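Notes to accompany the following structure.
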Amino acid sequence: MLLPRPLLLCLVLALTGCGWVDQWVGEEPSPEPEITGDVKLQNLTLRQTNAKGELLWVLQAARARYRDDDRQQLEIQNLTGELKAEGKTTYKVQAKAVNVRQRDGQLWVEGRTTLTDLQQKGTIIADQLVWQGDRGVLIAQKNLQARYPQVTVTAKHLEADSQRQQLRALNAVQVTSVAKDAKDVRLNTESLVWQQEPNQLLAGVIGQGGVTVVGVAGDRQGQRLQAQRAIWSISDQRVTLEGDVRVQLPNPALRVEGETVRWLIPQQQLVSDRPLRVSYPSQGIEGQANRGVFLIAENRAIFENVQISSQPQQVQLRAQRLNWWISQGRLEASAQVEIQRPRAQLRTAQLIWRIPQQEVEAQGGIFYRQSNPRIQVQGQRAKGWLDRQEVIVSGNVQSQVPLLVRLP
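Below, the structure is given as structure tokens:
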């Protein structure tokens, strides 16, 4: 049925008082229907302005049907158009079949819809959308996905604020990096804020739930980092984890715990400037340090002010600096080094401990002491075998040179 132009104009104006919404958006005024019955339309245009006369949206539809029922909505085929904030186009809209309501500066769209973010060059796809034109805020939920040049975000609820250049996602949030160096990294959380300027992700900062960052492919497969909060700087691919941080490295299986850890993804490094704890269960090794760096690609760690204990050998090692080749079981300690076993102690300036061979080499300022039998020896070099309970001290030894001592 073709309508006269005056009637069609009245219909378009009347539809600005229509709307649909479930519990997921705030209160609405009572509907004010002006048309009864079902009306079919072709080549329909919907426009909405605010109190300043600025356009909030302009939508076109190839075909539409207005239904005067409890929801009072437009059923639209082949929807296209623009969503505007402060008079500027913020999103392009496209959908094949949707239901639309509009009222008081808000637009509701139900059905699979694609939005192109012109500011950030991204795409948001969802089954339910609300555009709050005066605030420049887009709300999306149900099967939603936000794809941008930097990251892809999925969640149950999303709010994009074009004025603040901020995106908030809630509930079952997953972030996938698009960057070449981080394509195999996933971030999972219950709350996310993407500050599009300065281009960083704040995870776990709203509510509870914590953050998990995992490696899902390639050399990073099996890496897992958990914390209460995380900041992911997209520009340099740096993830800072804070609060009860727990790290699992797969090859070899190593656990790290601390309060703050930075993951430099391209460099494959984990850095902590705060005290941390390390556990290497397969070798019975545990340790703690004031700070540390894990060079993941090299299977190597560097610690400062560190203490390492090995239960199988009943050995404790302290040093100001420690270089640990993890897979080889080789430790190089320097600066105020002290290694202890029951009833025996060795102090030196530098020490190499080869854990699989149970061999120790020390150099510089050697001081060896044991309690039973009571012995004290000084020298410049020492070599010991933990399994044989032997140590040789040489170089300016204050007693016999070289000196062989059988440990208790």
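If you want my numbering, it's the position in the sequence shown, counting the first as 1, plus 319.
Cβ coordinates follow ideal geometry from the N, Cα and C atoms, glycine included.
Because the structure is a prediction, the values reported are computed rather than measured.
Handout entry: Short Cβ contact (8 Å threshold) for THR435 with LYS407
Key = On the sequence shown, residue 435 is found 116 positions in, with the first residue counted as 1. On the sequence shown, residue 407 is found 88 positions in, with the first residue counted as 1. For THR435 and LYS407, no; Cβs fall outside 8 Å.
Problem - Close-in-space but distant-in-sequence residues of the same chain around GLN439 (CB under 7 Å, 5 per side omitted) - result: Counted from its first residue, the sequence shown places residue 439 at position 120. Counting only Cβ-Cβ distances below 7 Å, and skipping sequence neighbours, we find TYR467 and GLN515.
Practice task
Measure the alpha-carbon distance for GLY345 versus SER510 and round it to whole angstroms.
Solution key: Within the sequence shown, the letter at position 26 stands for residue 345. Within the sequence shown, the letter at position 191 stands for residue 510. Residue placement at GLY345 cannot be trusted, given a pLDDT of 38 that sits under 50; the coordinates are not used to answer.
Practice task
Check whether the Cβ atoms of VAL494 and LEU463 lie closer than 8 Å to each other.
Solution key: Here residue 494 refers to the residue found at position 175 when the sequence shown is read from its first residue. Here residue 463 refers to the residue found at position 144 when the sequence shown is read from its first residue. It is not a contact, given that the beta carbons lie outside the stated cut-off.
Exercise for the section: Give the straight-line distance between the Cα atoms of VAL564 and VAL530, rounded to the nearest whole angstrom. Expected result: For this step, residue 564 is matched to residue 245 along the sequence shown. For this step, residue 530 is matched to residue 211 along the sequence shown. Rounded to whole angstroms, VAL564 to VAL530 spans 9 Å at the Cα level.
Exercise for the section: Quick one: give me the first and last residue of the beta strand (DSSP E) that GLY406 is part of. Expected result: Stepping through the sequence shown from its first residue, residue 406 is reached at position 87. Run containing GLY406: none; DSSP gives neither H nor E here.
Handout entry: Contact belief for ILE615 with LEU589 at Cβ below 8 Å, rounded distance in angstroms
Key = Within the sequence shown, residue 615 is the residue found at index 296, counting from 1. Within the sequence shown, residue 589 is the residue found at index 270, counting from 1. Sure, about 7 Å apart at Cβ, within 8 Å.
Problem - Exposure of GLN342, with buried meaning 16 or more beta-carbon neighbours within 10 Å - result: For the purposes of this step, residue 342 is identified with residue 23 of the sequence shown, where counting begins at 1. With a pLDDT of 37 at GLN342, under the threshold of 50, the predicted position of this residue should be treated as unreliable, though the coordinate-derived value follows. Exposed, since its Cβ has fewer than 16 Cβ neighbours within 10 Å.
Exercise for the section: Specify, as a first and last residue, the run of the beta strand (DSSP E) that ASP423 falls within. Expected result: Indexing the sequence shown from 1 puts residue 423 at position 104. First-last for ASP423: undefined, no H or E at that position.
Problem - Coarse secondary structure for GLY534, derived from DSSP in three states - result: As a first step, residue 534 must be located in the sequence shown, where it is residue number 215. DSSP places GLY534 in strand when its eight states are reduced to three.
Exercise for the section: Measure the C-alpha to C-alpha separation of PRO571 and LYS702 and round it to an integer number of angstroms. Expected result: Locating residue 571 in the sequence shown gives position 252, where the first residue counts as 1. Locating residue 702 in the sequence shown gives position 383, where the first residue counts as 1. Their backbone Cα atoms lie some 28 Å apart in a straight line.
Practice task
Compute the Euclidean distance between the alpha carbons of GLY714 and ARG700, then round it to the nearest angstrom.
Solution key: Reading the sequence shown from its first residue, position 395 is the one you call residue 714. Reading the sequence shown from its first residue, position 381 is the one you call residue 700. For GLY714 and ARG700, the distance between alpha carbons rounds to 6 Å.
Problem - DSSP state of ASP555 mapped onto helix, strand, coil - result: Here residue 555 refers to the residue found at position 236 when the sequence shown is read from its first residue. If DSSP states are grouped into helix, strand and coil, ASP555 belongs with coil.
Exercise for the section: For the stretch 555 to 632, list the beta strand (DSSP E) runs that are entirely contained and at least 3 residues long, ordered along the chain. Expected result: 557 to 568, 573 to 583, 588 to 591, 595 to 599, 604 to 614 and 619 to 629
Problem - Rounded C-alpha distance that separates GLN632 from TRP672 - result: Looking up residue 632 in the sequence shown gives position 313. Looking up residue 672 in the sequence shown gives position 353. Going from the Cα of GLN632 to the Cα of TRP672 covers about 12 Å.
Problem - Local Cβ density within 10 Å of THR667, reported as buried at 16 or more and exposed below that - result: For the purposes of this step, residue 667 is identified with residue 348 of the sequence shown, where counting begins at 1. THR667 should be labelled buried.
Handout entry: is_contact[TRP513, chain C] using C-beta, thresh 8 Å
Key = Protein chains in the displayed structure number just one, and chain C is not present.
Problem - Span separating the alpha-carbon of LEU375 from that of ASP453 - result: Translated into positions along the sequence shown, residue 375 becomes position 56. Translated into positions along the sequence shown, residue 453 becomes position 134. Their Cα atoms are separated by approximately 7 Å.
Exercise for the section: Could you spell out the range, first to last residue, of the beta strand (DSSP E) harbouring SER713? Expected result: Stepping through the sequence shown from its first residue, residue 713 is reached at position 394. Note, SER713: beta strand (DSSP E), 709 to 713.
Problem - SER349 to GLN425 span [Cα, whole Å] - result: Here residue 349 refers to the residue found at position 30 of the sequence shown. Here residue 425 refers to the residue found at position 106 of the sequence shown. Interpretation of SER349 is limited by its pLDDT of 42, a score under 50 that renders its predicted location unreliable; the figure taken from the coordinates is listed afterwards. Answer to the nearest angstrom: the Cα atoms are 14 Å apart.
Practice task
Pull up the DSSP beta-bridge partners for ALA488, would you.
Solution key: Taking the sequence shown and counting its residues from 1, the one referred to as residue 488 is at position 169. Per DSSP, LEU477 and LEU511.
Practice task
Look up ARG662 in the DSSP assignment and say whether it is helix, strand or coil.
Solution key: Counting from one through the sequence shown, the residue named residue 662 turns up at place 343. The answer is coil: DSSP assigns ARG662 none of H, G, I, E or B.
Problem - Residues near GLU680 by beta carbon distance below 6 Å, same chain, minus five either side - result: As a working note, residue 680 is residue 361 in the sequence shown. In the same chain as GLU680, and ignoring 5 residues on each side of it, the C-beta atoms closer than 6 Å to its own belong to ILE671 and LYS702, in chain order.
Handout entry: Own chain residues within Cβ distance below 6 Å of LEU365, not counting five before or after
Key = Translated into positions along the sequence shown, residue 365 becomes position 46. The residues are LEU378.
Handout entry: Beta-carbon proximity list for ALA491, same chain, < 7 Å, skipping 5 on both sides
Key = In the sequence shown, residue 491 corresponds to position 172, counting from 1. Cβ neighbours of ALA491 beyond the five flanking positions: ALA474 and LYS475.
Problem - VAL716 in three-state terms, based on DSSP - result: Taking the first residue of the sequence shown as position 1, residue 716 is located at position 397. Coil at VAL716, not helix or strand.
Problem - Proximal residues to ASP706 (C-beta, below 6 Å), its chain only, five neighbours per side dropped - result: Translated into positions along the sequence shown, residue 706 becomes position 387. Answer for ASP706: GLN677, listed in chain order.
Exercise for the section: Go ahead and label GLY606 buried or exposed: buried means 16 or more other beta carbons lie within 10 angstroms of its beta carbon, across all protein chains shown. Expected result: Here residue 606 refers to the residue found at position 287 when the sequence shown is read from its first residue. Classified as buried, GLY606 has 16 or more neighbouring CB atoms from the shown chains inside 10 Å of its CB.
Problem - The beta strand (DSSP E) enclosing SER646, as first and last residue numbers - result: Your numbering for residue 646 matches position 327 in the sequence shown. Unbroken run through SER646: none, as it is neither H nor E.
Practice task
Give the straight-line distance between the Cα atoms of THR409 and SER481, rounded to the nearest whole angstrom.
Solution key: Counted from its first residue, the sequence shown places residue 409 at position 90. Counted from its first residue, the sequence shown places residue 481 at position 162. Between THR409 and SER481, the C-alpha separation is close to 7 Å.
Handout entry: Backbone CA spacing between LEU641 and ILE553 [nearest angstrom]
Key = Counted from its first residue, the sequence shown places residue 641 at position 322. Counted from its first residue, the sequence shown places residue 553 at position 234. Near 32 Å, if we compare the C-alpha coordinates of ILE553 and LEU641.
Problem - Whether LEU448 touches VAL470 by CB criterion (8 Å) - result: Translated into positions along the sequence shown, residue 448 becomes position 129. Translated into positions along the sequence shown, residue 470 becomes position 151. In this structure, VAL470 does not lie closer than 8 Å to LEU448 by Cβ.
Practice task
Could you tell me whether the Cβ atoms of GLN682 and ARG688 are closer together than 8 Å?
Solution key: As a position in the sequence shown, residue 682 is number 363, starting the count at 1. As a position in the sequence shown, residue 688 is number 369, starting the count at 1. Against a cut-off of 8 Å, the Cβ pair of ARG688 and GLN682 comes out as no contact.
Exercise for the section: Would you decide whether GLY372 is buried or exposed? Buried here means 16 or more other CB atoms lie within 10 Å of its CB. Expected result: Numbered from 1 along the sequence shown, position 53 holds the residue referred to as residue 372. With fewer than 16 Cβ atoms within 10 Å of its Cβ, GLY372 is classed as exposed.
Problem - Run of the beta strand (DSSP E) containing ASN462, from where it starts to where it stops - result: Position 143 of the sequence shown, counted from the first residue, corresponds to residue 462. 456 to 466 is the extent of the beta strand (DSSP E) around ASN462.
Problem - The beta strand (DSSP E) enclosing ARG693, as first and last residue numbers - result: Reading the sequence shown from its first residue, position 374 is the one you call residue 693. For ARG693, the enclosing beta strand (DSSP E) covers residues 693 to 704.
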